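First the structure, in the form of structure tokens, and then the observations on it.
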Amino acid sequence: MLGKIVNALAFQAGWLACVLGGTPWAIPAAGVIVVGHLRWLGGPGEWRWLAGFALLGAIVDGTLTLLGGLRFAGGSGLPIWLWLLWPLFATTIHHSLAWLWRHPRLAILGGALGGPSSYLGGARLADVVMAPWAVVVQAVIWGSLCGYLAFRKTTCRHRA
């Protein structure tokens, strides 16, 4: 139980470091959290989840940025701090959010509401402009992603 609490708090601390601190804070914070997670909480092969989510984040947020759904002050392209949120989220999949995957409808709803809410909150704090259509796209992406994770949990016997 303590591991799950530490996992949730580490994710929140990482989220705040990325959103409020930008890239200069995001890189060391995410590095410490991910390495610490893999060292003390991660299961065998869990690094694959983190790497996969890093790739998925580059694709999803990179595409949204290229299409104009996300606009960043003073820069172009996908900022590292935003991209690092994806592997940070992946640290929660088998730990603080593990309970959610046993409830597929709740997982889909949580993803569809929580994903865009996280982006909207982060956008306000980090001076990012998010197009209204991007909020809807985020709801579909995160609802689908969380639904997939729940489906995978109910159809697969292994953890990682």
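Following my numbering, the numbering of the sequence shown begins with 229 at its first residue and continues without gaps. Heads up, the beta-carbon is just placed ideally off N, CA and C, and yes, glycines get one too. Note that the structure is a prediction, hence the values are computed from the model and not measured.
Assign residue i to one of three DSSP states: helix, strand, or coil.
i: residue 378; result: helix
i: residue 387; result: Legend: pLDDT at residue 387 = 49, less than 50; position of this residue unreliable, no value from coordinates given.
i: residue 298; result: strand
i: residue 310; result: helix
i: residue 287; result: helix
i: residue 256; result: helix
i: residue 304; result: coil
i: residue 371; result: helix
i: residue 270; result: coil
Whose CA, out of the options, lies closest to the CA of residue i?
i: residue 343; options: 368, 326, 328; result: 368
i: residue 381; options: 236, 361, 321; result: 321
i: residue 339; options: 372, 362, 305, 291; result: 372
i: residue 297; options: 328, 358, 316; result: 358
i: residue 366; options: 291, 261, 246, 263; result: 291
i: residue 351; options: 250, 262, 274, 273; result: 250
Under the assumption that residue i contacts residue j (Cβ atoms under 8 Å), give the Cβ distance between them as a whole number of angstroms.
i: residue 257; j: residue 242; result: 5 Å
i: residue 324; j: residue 379; result: About 20 Å separates the two Cβ atoms, so there is no contact after all.
Spell out the partners DSSP gives residue i in its beta bridges.
i: residue 358; result: 298
Stretch pair the stretch 322 to 337 + the stretch 285 to 298: three plus CB contacts closer than 8 Å: Contact between the stretch 322 to 337 and the stretch 285 to 298 is absent, because fewer than three Cβ pairs lie under 8 Å.
Touch test, the stretch 302 to 316 against the stretch 243 to 262, Cβ-Cβ under 8 Å, three pairs minimum: Judged by pairs of C-beta atoms under 8 Å, the stretch 302 to 316 touches the stretch 243 to 262, as three or more such pairs exist.
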